[in-house]
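Below is one structure, written out as structure tokens; comments come after it.
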Amino acid sequence: MTSTYDLLNARLQAAFDAVAPGADPVLRTSERSDYQANGVMALAKQVGRPPREVAHEIVKLCDLTGVASVDVAGPGFLNLTLSPELLNDQLRALLDDPRMGRASTATPKTVVIDYSSPNVARELHVGNLRSTIIGDALARMNRFAGNKVVARNHVGDWGTPFGMLIEHLLDLGEDEAVASLSMGELKAFYQGARVKFDSDEGFKERSRARVVTLQSGDVETLRLWKIIVDQSVAYLSQIYDLLDITLTAQDAVGESYYNNMLDGVVSDLDRAGLLVESDGARCVFPPGFTNRDNEPLPLIVKKRDEGFGYAATDLAAVRDRVSNLHADELLYVVGTPQAQHFDMVFAVARMAGWLPEGVRCEHVSFGHVLGPDRKMFKTRSGESVLLAGLVDEAIARADAALVSRNFEGDEFSRTELAVDIARSAIKYADLSTERQRDYVFDLDRMLAFEGDTGPYLQYAHARLRSIFRRSTSPWNENESTFVLSAASERHLALGVLAFPEAFDLAFVSLQPHRLCNYLFDLAQRFTSFYEACPVLSSEGKLRDERLALCDLTARTLSLGLSLLGIHAPEQM
Ligand code: ARG
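Numbering (the numbering used here), first residue to last: 5 to 576.
Below you can see the structure in the form of structure tokens.
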């Protein structure tokens, strides 16, 4: 089906084109009328005529089928009110559309999304949360839009720490090390190695030598390295399952994957005349980047000690993703502190011709997760807070909340529900914050059944579903005619119809919080409707209509939440 927005937009576009080809109608849903077109002022400026005059001309030119009234307001805003016929037609079409009016794209793109990307052999901590949650929401939104998503979990699986980790593994004995790693004791393992490294000169020596052996490609050393990486990735998969994240073990394409491409990166940059020797390191100086003293800033590709750095790997990754994965779009969901790194990597990749103009390439940055004291979230002893513990705590609290609310199902379904609620609480709190901003990790607030929270939206959905469970007589969905006699009913219907443009607003700008805002608003529209309009106790056609509207609302909430990675249970 064609969404209401697209329908109106196409008609307005034709009228705008007739005045000046390509001018944007800037159509938006509006609180004042149903939709508002704000593009007239820019158009008037472009053609050098008075805006209100142009507005009236647009009204005359525009095919207004389905529009009950247009009103020219202020300096030239067009306020459109939809006709009852159009509303009915559009809502009826939604009844048969599982996509709630948002068609799949006609021109699918390949989108490579780099997210989660923790450093392995380190337990996941709260800092890894946002990339994982935001990246997964963007992956789901892209798949829904019809794009092909290639997820890249760019795990840090290479570099100097592996020297000491391998030596520690040998000290422990392979079997014991595997046993401890597979139980997720990554942090203890890492710390065990670290303590020895800092206190034992002999161990330090061995570790350094092991790094060299590892980098030289020694087969036995690589085998030991792989044990640590595989165990870490297996542990990651458990956490992803716990949080319902779609990343698989195949998506874990770590830094080491690019090792054999690094020499090529250096020699090709050299051949292109971009490589400069500076302090013994080989660097590229992309124009426009300077340090505090206004000196040109280098992107170090090969270090003085002949080792490759983080930037070299990312350059190889850009190349691989563009030429081997055929990416049309590259997204990097990584914290704001790495903004300059990515700006420089993208700039150098463009200079080298590895990143063609047509490929959209974006650092999807985000702020910090703060503790209750509004400082970086740390434990009392100053360590970073582990993710698994936080999720377990959220599940325990959600379960307690269900008990205190006298949840009626058995214990198994209660546990399952507690997991769903905990996931939604954590994910929604993260996603509903504008991503560049920091947010406070406050489990009580996140888990509240009231307010702008995940559980509140799940609860709104479950309430809608309970209407159908309580219904004793059947309803005939396909016979429903949407008359929308009550104001709150019409308001809710317009909310349902606005799903496609709300989705696109969030999707195109890579801002999941916009989808959250939409869903929260929709849930509130439903509450107002439900207070004002009897559903099950109304009769005949009115009952059918209201049930159909409830069904559409529930489906929209469920679909919208699923795109954020949140499951909407039937019952709560
Ligand atoms: N492992 C890095 C870190 O923990 C993040 C990697 C992000 N992705 C990338 N392609 N550089 O900081």
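Ideal placement from N, C-alpha and C gives every residue a C-beta, glycine not left out.
Note that this is a predicted model, so its numbers are computed, not measured.
Exposure of residue i, with buried meaning 16 or more beta-carbon neighbours within 10 Å
i	result
N151	buried
L174	exposed
S7	buried
R323	buried
A506	buried
P165	buried
T476	exposed
Q40	buried
A109	Inspection of the sequence shows that residue 109 is occupied by Thr rather than by Ala. It is exposed - the Cβ of T109 has fewer than 16 other Cβ atoms within 10 Å.
N132	buried
G206	exposed
Those residues which DSSP pairs with residue i across a bridge
i	result
Q40	R32, N83
S73	T85
Y443	V373
I117	A155, L335
H367	Y336
A253	In the DSSP output, where bridge partners are listed per residue, A253 has none listed.
D294	Residue 294 is actually Thr in this sequence, not Asp. For T294, which the question treats as bridged, DSSP gives the partners P300.
V288	L303
Other residues of its chain near residue i: CB distance less than 7 Å, five sequence neighbours each side excluded
i	result
L86	D38, G70, V71, A72
M380	H372, L374
D548	W479, N480, E483, S484
A59	V44, V76, G80, L82
R401	L447, L451
Near the ligand ARG: residue i beta-carbon under 7 Å from a heavy atom
i	result
S369	no
N263	no
G163	no
Y336	yes
A353	no
A321	yes
P459	no
G80	no
N123	yes
H158	yes
D318	yes
D118	yes
Under 8 Å between C-beta atoms of residue i and residue j
i	j	result
S186	F193	no
D248	G569	yes
S436	C520	yes
G139	G258	no
A426	A398	yes
A320	V269	yes
R106	F503	yes
V90	L390	Checking the sequence shown, residue 90 turns out to be Leu, not Val. No; because the gap between Cβ atoms is not below 8 Å, this pair is not in contact.
L16	C66	yes
Y522	G564	yes
L553	L496	yes
F289	V280	yes
N157	D318	no
L540	I430	no
A405	L451	yes
V395	L301	no
R214	E178	no
P573	L421	yes
L278	A356	yes
Y239	L273	no
V23	E61	yes
S542	S492	no
Sequence-distant residues of its chain with Cβ nearer than 6 Å to residue i (five each side left out)
i	result
V154	V116, L329
D75	N83
D335	Here the sequence assigns Leu to residue 335, which means Asp is not the residue at that position. Cβ within range, chain order: I117, E366, V368.
L567	R144, M145, F148
M265	A320
N123	G160
W162	E259, S260
Proximal residues to residue i (C-beta, below 8 Å), its chain only, five neighbours per side dropped
i	result
A27	F20, D21, G43, A46, L47, Q50
H517	L435, S436, T437, E438, R439, A510
V363	V326, A331, D332, E333, L334
S562	H465, A572
R494	L91, L488
L218	F166, G167, I170, T225, L226, W229
Distance cut-off 7 Å: residue i Cβ against heavy atoms of the ligand ADP
i	result
S73	As presented, the structure is devoid of the ligand ADP, carrying the ligand ARG as its sole ligands.
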